[in-house]
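Numbering (the numbering used here), first residue to last: 1 to 513.
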């Protein structure tokens, strides 16, 4: 089965919109604007294709700083990203003005805390932009989109006049596709907030500062094609028609599924490695059950993407140390629905979408989001429910400690005896878990055992001071380890270090027990 890459990534881009706190479809709309603008500038072929995918995936790094943005926003990363969408971090007056819109629906205390944290963190915008660019370019490379797309995604927070992030590039030193994105997103945001005329006025004000003045001149000279795009009620068909030739196709979705599994798990340090861990477990259980190769592939992809909907829930809920209130609980339960909704848009993933939508349902009807009983024929959904529960039990969460394998096994068997989980699925997953099996020696990544311990703690979002306390080593020693780790693995941000740890299977429950 061969699918158009644009169809697959266009559907999955809706997850990146959720993570950014913007309406689903924003990335597709921005992509269409950028592509039309690229055509007006004379782009064709590979150059236009680069612009197409850069604009589509401009939110691919958003989960790199969800944890930090949630801290700034007193629990709501989405509100922070939405509030400062399109704001120039160098515009201190603009940042201060926009900060007054933070947490409008929250208590006075939470609102005051969010505003105070933002105003007292002048470097936060640059730090978050650097983390975003680092993750976006890294995941783009995982997706195999080519060097030009990867390079441009690392430059989407640069400014035409300099002073942007992460490298302070200027003018023609910024990739053309990134410069086109700057204009396209300005138009999309402006039109969404105040209409096309307002968007043009806003773009004019940024000319020569954040946006290439030549691109602004083209927009002002020929605004009609862009106005037509932004007036569309539905952009999906136009988005597919706008894909430049030659149009890329993909026959194996596993690589894409792995990249988006990592994107979702990077949403919070508590989730690192979860989806890939569940996927490995489900694949082993499916293979051991004697099902065919096709069933194994479907199971693997479903498990990789089962939690993609978590990006649509604010981190303050996922990272809350106490019990959730009723409203928070309902938001949490929505992630399974969101996961299924996103996957249902991806051609060729209907079976995966069905299983994912059921992975928090229970055999006694006590699950969520719909209180359904997965039919016996839905073996994948039942197996996925068990594997997800088992892996989560082995992982620490803000409100509880991790369980050991024996305790997790006991809990799962109890769920089966009470009729919550399918006994056969429980048996399959526990057998696949291989409780007595362990890696005889850890993989070598050029890191010492202590450096791996420090890296895992950093990936989990701990500060150097917290790592020092957790590992009972001096703060100066921690700093020395961090410098060595970053130098050895070639990264400069926590998000990139976390992604390295996930790729190399270092963030696993056995290392954190």
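Even for Gly, the Cβ is constructed at its ideal location relative to N, Cα and C.
Residue 425 and residue 397 have their C-alpha atoms spaced approximately 24 Å apart. Uninterrupted alpha helix (DSSP H) stretches at least 4 residues long and entirely within the stretch 380-445 occur at 405-417, 423-433, given in chain order. Short of 7 Å from the beta carbon of residue 49, and not among the five residues preceding or following it, lie these beta carbons of its own chain, in chain order: 244. Contact between residue 175 and residue 151 holds, with the beta-carbon distance rounding to 6 Å and staying under 8 Å. Take the alpha-carbon of residue 78 and the one of residue 406: they are about 38 Å apart. Uninterrupted alpha helix (DSSP H) stretches at least 4 residues long and entirely within the stretch 276-308 occur at 293-304, given in chain order. Note on geometry: alpha-carbon atoms of residue 266 and residue 412 lie some 27 Å from one another. Closest by C-alpha distance to residue 20, out of 312, 299, 290, 142, is 312. DSSP places residue 346 outside both helix and strand once states are collapsed to three, so it counts as coil. Annotated three-state conformation of residue 118 is helix, per DSSP.
Rounded to whole angstroms, the gap between the alpha carbons of residue 181 and residue 71 is 28 Å. The secondary-structure analysis by DSSP pairs residue 240 with nothing; it has no beta-bridge partner.
Burial check for residue 125: the Cβ neighbour count within 10 Å reaches 16 or more, so the residue is buried. For the pair residue 73 and residue 306, the Cα-to-Cα distance works out to about 27 Å.
Within the same chain, 259 come within 6 Å of residue 142 by CB-CB distance, once the 5 residues on both sides are set aside. Pairing residue 63 with residue 263, the inter-Cα distance amounts to about 7 Å.
Sequence-distant partners of residue 38 (beyond 5 residues in either direction) whose C-beta falls short of 7 Å from its own C-beta, in its chain, are 48, 51, 180. Residues 37, 40, 41 of the same chain have their beta carbon placed closer than 8 Å to that of residue 218, with the five preceding and five following residues left out of the count. Counting only runs of at least 4 residues, the stretch 52-77 fully encloses the following alpha helix (DSSP H) elements, listed from N- to C-terminal order: 66-72. Residue environment analysis places residue 399 among the exposed positions, since fewer than 16 neighbouring C-beta atoms fall within 10 angstroms of its C-beta. Take residue 227, set aside five residues on each side of it, and the residues of its chain with a beta-carbon closer than 8 Å to its own are 196, in chain order.
The beta-bridge partner set that DSSP reports for residue 3 consists of 250.
When DSSP states are grouped into helix, strand and coil, residue 216 belongs to the helix group. DSSP places residue 234 in no alpha helix (DSSP H); its state is neither H nor E. Proximity of the stretch 75-90 to the stretch 155-170 meets the contact definition, three or more beta-carbon pairs being nearer than 8 Å.
Beta-bridge partners of residue 207 (DSSP): 211. Between residue 502 and residue 387, the CB-CB gap reaches or exceeds 8 Å.
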